[in-house]
Amino acid sequence: MLTKDEAIFYWQGDRIEPDRLKTQTHAHYPFLAAQMLDIYQTGAGKMRSELWEAVRSVFHGEVDCPSRRIQAFCSLLDEKSDFGGRGGSDAARKRMRVFELAAARHPLVRVSSSLLSHDENTVKAEISRQMGEAWEDIERELFSDVFELRRLRKFAGYASPEALLTRYNEAQLQACLYSATEVKIRTARDYRAIVMAAKRAMLMHETRKMPDGRMEFTFYGPAASLRVTRRYGVDIARIIPTLLACSEWEMEAPIQIRKWERLPVLKVSSSHRYQSSRELQPAFDSKLEEDFSAAWAKAGQHKWRLERESDVLFRGQKAFFPDFTLVHNTGRRVYLEIAGFWTPEYLDAKCATLKDFSGESILLAVRGNAHERFNGLGFPVVTFRKSLSPDALIPALAAFEQA
Amino acid sequence: MSGSYQKVRFERGGLVAEEPTGDSKLWKPLRGTSSWVTNASNNAALGLPLHDGNAGWERIPLQSKNLNPLRPDQMRAVEAWETTRSGILVMPTGTGKTEVAMHITQRVGFHTLFIAPTRALSYQLAYRLEQGFGMRVGFIGDNTFQLEPISVATYKSAALKMEHIGSYFKLLVFDECHHLGGDMILDSARMSAAPYRLGLTATPSRTRTGAPSAAEQLIGPICFEIPISSAQGSILARYGLVRVPVFLTDEEKKEYDALGAIVRNHMAERRKESPDYSWEDVARAASRDAEARHAFRARLKRRSIEDHASEKLNVIEDLIQEHTQQVIIFTGSNKMARAVSCRFLIPCLLASTMKWERERILAGYGAGDFQAIVANKILNEGIDVPKAKVGIVVGGTGSPKDATQRLGRILRKNGEETARLYEVVCKETGEEQRSRKRRQGDAYKR
């Protein structure tokens, strides 16, 4: 993701828009992007400052180009680059050795005015001999761990110049949201992926079913009840790649650039045809669920079909997203909720939610001995140890069939 | 009474309750629920719904035998703070703020978090606390999260993590507390339930209206103050200030003037159309228009020529030959710091310097193994440099706060020797003006 200092946005009245490169208005940008990719692709061994300077020269004489845009491209190229870890220890150890060797001969001078001083070149030659390396090599490596002096090892690259521009547009949209106080997303599909992405970003949400049948999610941070804060803007921005990969959505976010009373609003929807740098991931919460889904597919011959993109259950304002939906030949739907890893708080929260949805066809699969906590809720409970096997569910599902 | 408090809990930086307790104006409805929420920092004002019994803070037995005894003025500071246990002590650099904070911590004897502005300062603080208390000290920041009964964090990490650790500490110590400002950083104080708060600073920020600053609101009022002038001579060493002018070489001068011409032409050109065209406008226009960008770069380049003037290295060479005492050199940029380091092969402290390296450099300097070290701005605040008696400032910004801090660095009292500060400035350049501005601060008035 970009830093705040690389964000570019424009605002007019109540609306705010992030910088976006479009085919019509920025027709030559794929050409610039190709040059930038070439700099990095052939740049192994070069220092970051040299690479950045080269990228800047691509934009030389480019009119209407904010310097932040150039810096943003540098960051996005770096995002796919390996400059070695923070592995600066080698360089630091080396220079410590040099300074320690030099300390006994301090001060190193060119024009001596004191009996105690030493000639710079002589000392450097001596140290080079002691370390068994040419002085030029020592000097070259002396600060090679410093951010701008680190050398490019490998560039993973972008699939095409267009892919770099796609990522640029996405990253600017994200950066605009860094100052968001909350975000509203309205959608008719793919809720699960969106809610999962928000959960991963540790956001809170409210859910509302709209008159037209779509769902409206409001995502915000825990401090939002106390004050208007952009503290969680970066977390909000994290859901963008997922959102862009979804279809038929609208997003609205108030953006706090200054302490204005009425905040300008960022409005984007799927009709803006933003592209995601990512494919929509199958929305599994955990490896456990992924394994279960695979096992179910392998087992094959059940009368029940497993659906990943599950239904959402509503009771008033509250919504519940079961992990899976099992659909019987007859169309009967049973919701499967898996509690794999848990903490006491997690169980309390889950029980509280489930209590609100009593009477629904929910089947619980619980790992270990936590099942007692769920017994009073009136849902069938299946326990498992390591992994959940499809066979373990059959008796409980049979009971639903007869019900 | 405690019965009604039982339902209050700490949750992600706030106190959450089914029903408001205490002053109901401090509570707000918690979105999406029927509960109420308030800033955790209101804990004390609400009569401690989170208290020794239900918060995470615990008593820690701390011995004072490894702490240095306090001077009378330090003792007065401790006593002044103890009347309210939430307030700010204003003490010039070198008057032993950290000692005072450690004594307070020992007397409070509960989980304590120290918060410092930079990684460098946090590491140094952690080291001193470990020495003083003889126990493991936690560290939060620099991609580390180790929580201990006594921990140190940077302001930024404290602000980021406080929503998870805000009920663990009973005492918060804000080192250099004038850094407490900005929506995000304030969360380090706002999201904590700690009833005891101590702020330390040499340069308190004052609001224009005289209203309490953010730090005063969240820590407490200033409860003790000694001005730098009374500290000098008694606690700090006497010092002498010497300005050394340097000239650009012919080649540097030529480039410097050429760049100046670019800037002047640009300004003249634009002022034909808009007479008020200013530097701020250039900076703003630089994002859009190639010419303004060109002028903007030219000015940066000019600054960089001043900063790196080769004559400066020669002056440093003369000065370190002249003084047999240990020397510390301050530069205005990382690049210049590295250039000095490479030229004289002396250790170099940058903001990015890793913990072990920093410790080794400072320990080596303290032991007298290194005669000289060079540092960029990071040493401006609170980093202890033992025994430094000679300071050389090359380049830097014009902020008086920086100068105060720099003097504090080298003016630590050490025998009867007089400390000396050299300021190496380019002649006939913008640098001269910045130097004058620097000298207007309190610390330079004699």
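As they're listed, the protein sequences go chains A and B.
Counting along the first sequence from 1, when you hit position 218 you're at 1322 in my numbering, and nothing is skipped either side.
Counting along the second sequence from 1, when you hit position 57 you're at 259 in my numbering, and nothing is skipped either side.
From the three backbone atoms N, C-alpha and C, an ideal C-beta is built for every residue, glycine too.
Looking only at A:Ser1264, A:Leu1256 and A:Gln1175, the smallest Cα-Cα distance to Ala1148 (chain A) is reached by A:Leu1256.
A direct Cα-Cα distance of roughly 28 Å separates Gln1234 (chain A) from Phe1251 (chain A). A straight-line Cα-Cα distance of about 8 Å links Asn1473 (chain A) and Thr1487 (chain A). The Cβ-Cβ distance between Ile1298 (chain A) and Met1355 (chain A) does not fall below 7 Å. Rounded to the nearest angstrom, the Cβ distance from Pro1345 (chain A) to Arg1382 (chain A) is 5 Å, consistent with a contact under 8 Å.
Annotated as proximal: Gly334 (chain B) and Asn268 (chain B), with beta-carbon spacing under 7 Å. Pro1499 (chain A) sits exposed, since fewer than 16 C-beta atoms from the chains shown fall within 10 Å of its C-beta. In chain order, Ser1217 make up the part of chain A whose C-beta sits under 8 Å from the C-beta of Asp520 (chain B). Taking a C-beta distance under 7 Å as the contact criterion, Ser394 (chain B) and Ala361 (chain B) do not qualify as a contact pair. The three-state secondary structure of Asn1273 (chain A), taken from DSSP, is helix. Per DSSP, Lys1288 (chain A) lies in no alpha helix (DSSP H); the unbroken beta strand (DSSP E) holding it starts and ends at Val1287 to Thr1291. If you look at Ser1373 (chain A), you'll find it in the beta strand (DSSP E) that goes Val1369 to Ser1373.
C-alpha of Phe212 (chain B) to C-alpha of Val375 (chain B): approximately 20 Å in a straight line.
Of all residues in the stretch 467–498 of chain B, those with a C-beta nearer than 9 Å to a C-beta of chain A are Ala488, Ser489, Arg490, Asp491, Ala492, Arg495 and Phe498, reading in chain order.
Take the alpha-carbon of Leu248 (chain B) and the one of Gly224 (chain B): they are about 5 Å apart. Pairwise C-beta distances place the stretch 1152–1159 of chain A out of contact with the stretch 463–480 of chain B, as fewer than three of them are shorter than 8 Å. Between Val1213 (chain A) and Glu519 (chain B), the C-beta spacing is below 7 Å. Counting along the chain, Ala463 (chain B) sits inside no beta strand (DSSP E); it lies in the alpha helix (DSSP H) bounded by residues Asp452 to Glu475. One thing to note: Arg1271 (chain A) has its Cβ no nearer than 7 Å to the Cβ of Leu1330 (chain A).
Nearest to Ser1193 (chain A) by C-alpha distance, out of B:Phe572, B:Thr555 and B:Ala621, is B:Thr555. Annotation for Tyr567 (chain B): the continuous alpha helix (DSSP H) segment containing it runs Lys557 to Gly568.
Taken in chain order, the complete alpha helix (DSSP H) segments of 4 or more residues contained in the stretch 1137–1176 of chain A are 1152–1162.
Excluding its 5 nearest sequence neighbours in each direction, Gly1261 (chain A) has C-beta neighbours in its own chain below 8 Å: Leu1141, Tyr1144, Gln1145 and Lys1184, listed in chain order. Under the three-state reduction of DSSP, Lys1258 (chain A) is assigned to strand. A contact between stretches requires three or more CB pairs, one per stretch, nearer than 8 Å, and the stretch 1238–1254 of chain A fails this requirement with the stretch 1301–1320 of chain A. DSSP places His305 (chain B) within a helical segment (H, G or I) once states are collapsed to three. In the DSSP assignment, Gly1337 (chain A) falls within the alpha helix (DSSP H) that extends over Gly1337 to Ala1341. In this structure Leu217 (chain B) is not in contact with Asn256 (chain B), their Cβ atoms being roughly 11 Å apart against a cut-off of 8 Å. Put simply, the stretch 376–383 of chain B touches the stretch 414–421 of chain B. At least three CB pairs are less than 8 Å apart. Of B:Ser359, B:Pro294 and B:Pro271, the smallest CA-CA separation from Thr405 (chain B) is found for B:Pro294. Closest by C-alpha distance to Pro397 (chain B), out of B:Ala577, B:Leu250, B:Arg622 and B:Trp558, is B:Leu250.
For the C-beta of Arg1335 (chain A), the chain B residues within less than 7 Å are, from N- to C-terminus, Met386 and Asp389. For a cut-off of 8 Å, the C-beta gap from Pro1494 (chain A) to Ala1403 (chain A) is around 4 Å, short enough to register as a contact. Legend: CB atoms of the stretch 228–257 of chain B lying less than 8 Å from CB atoms of chain A belong to residues Lys230, Pro231, Leu232, Arg233, Gly234, Val239, Thr240 and Asn241.
By the Cβ criterion, the stretch 321–336 of chain B is in contact with the stretch 345–354 of chain B, since at least three pairs of Cβ atoms, one from each stretch, lie closer than 8 Å. Contact of Asp1168 (chain A) with chain B by beta-carbon distance below 7 Å involves Arg490.
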